[in-house]
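Here the structure comes first, spelled out in structure tokens, and everything after it is commentary.
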Amino acid sequence: MDLLNLIEARKSVRKYEDKKIPKEDLDKILRAGWLAPSWMNSQPWKFIAVQNNETKAMLSELAGFQPHVKNADAVIVCVADNNAWNREVFGEVLKKRGMTDDGIDKIFKIETFYPPLLGQKTTLLRSVEQLTYAISYMMLEAKELNIDSCIIGAIANEITLKNTDDKKQIIEKVNNTLNLKDGEVIATMITLGYSENKEEKTNKQRKNIEDIVFYEKC
Ligand SMILES: Cc1cc2nc3c(=O)[nH]c(=O)nc-3n(C[C@H](O)[C@H](O)[C@H](O)COP(=O)(O)O)c2cc1C
């Protein structure tokens, strides 16, 4: 499909048929995420495809018991990998780009280039910022394969809650199940499946394009 038509056709789907997504299609969707651009190629992310029913139930609980997380055939857990900004890891990426040790040292002293200089919260925000591109890529690749999706952002985590104490148990349970390390935060999920209602048209409720799109100035 033409890309703009594909973008028009994509919509959030929350009710799915009981039908398996072929492994090769899941692989393609994950590959689209892997190929997404990121800040200086930092790639501060991990994508975990989950099809196990027990794990999906846990993920649904993490997302305030949203039913489509449990009912989707697959859920891609999008993890903000804050460890990707560590000097060794990020330094290695910059070296691969051909930067010298001196150049890399300079980068690590400039706030606009190196988020950890601005603290943990900013680093997490930067990781999440990168994830959004990969998520868009994966959703569009899914649509191209006739697989519907929904982004799940209402997740108990350090971004959505002032204090995660109340949700500590479920956060730990999910982190253990997915084998996440310190510094790896579940930022978003994508539910994937085949729409129960094939006839349903997209209902693009958007602000007026004239109110948000401009040339030269507002
Ligand atoms: C960052 C983000 C978080 C979202 N979180 C949820 C969510 O937790 N649950 C849900 O059902 N939909 C969620 N959505 C889907 C939006 O409600 C949906 O994209 C929006 O209403 C526009 O509709 P459309 O996707 O059909 O065009 C989220 C979307 C984005 C971009």
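Quick note on numbering: the sequence shown equals residues 230 to 447 in the numbering used here.
Where is the CB? At the ideal position from N, CA and C, for every residue including glycine.
For clarity, every value in this text was computed on a predicted model and none was experimentally measured.
- Only buried fits Lys372, as 16 or more other CB atoms lie within 10 angstroms of its CB.
- In terms of side-chain proximity, the C-beta atom of Ala313 is found no nearer than 6 angstroms to any non-hydrogen atom of ligand 1.
- For Thr417, the three-state secondary structure derived from DSSP is strand.
- Residue state for Ser289 is assigned as helix, using DSSP reduced to three classes.
- Contact between Asp334 and Leu421 is absent: CB atoms are separated by about 42 angstroms, not below the 8 angstroms threshold.
- Within the segment 386 to 437, the complete alpha helix (DSSP H) segments of 4 residues or longer fall at 397 to 407, listed in chain order.
- For Thr417 against Ile380, the beta-carbon gap comes to about 6 angstroms, under 8 angstroms, which counts as contact.
- Between Lys427 and the set Arg243, Leu233, Gly412 and Leu232, the nearest pair of CA atoms involves Arg243.
- Within the segment 306 to 373, the complete alpha helix (DSSP H) segments of 4 residues or longer fall at 316 to 325, 330 to 336 and 349 to 373, listed in chain order.
- Here Val306 is buried: its Cβ has 16 or more other Cβ atoms, across all protein chains shown, within 10 Å.
- Annotation for Ile250: no alpha helix (DSSP H) segment contains it, and DSSP assigns it neither H nor E.
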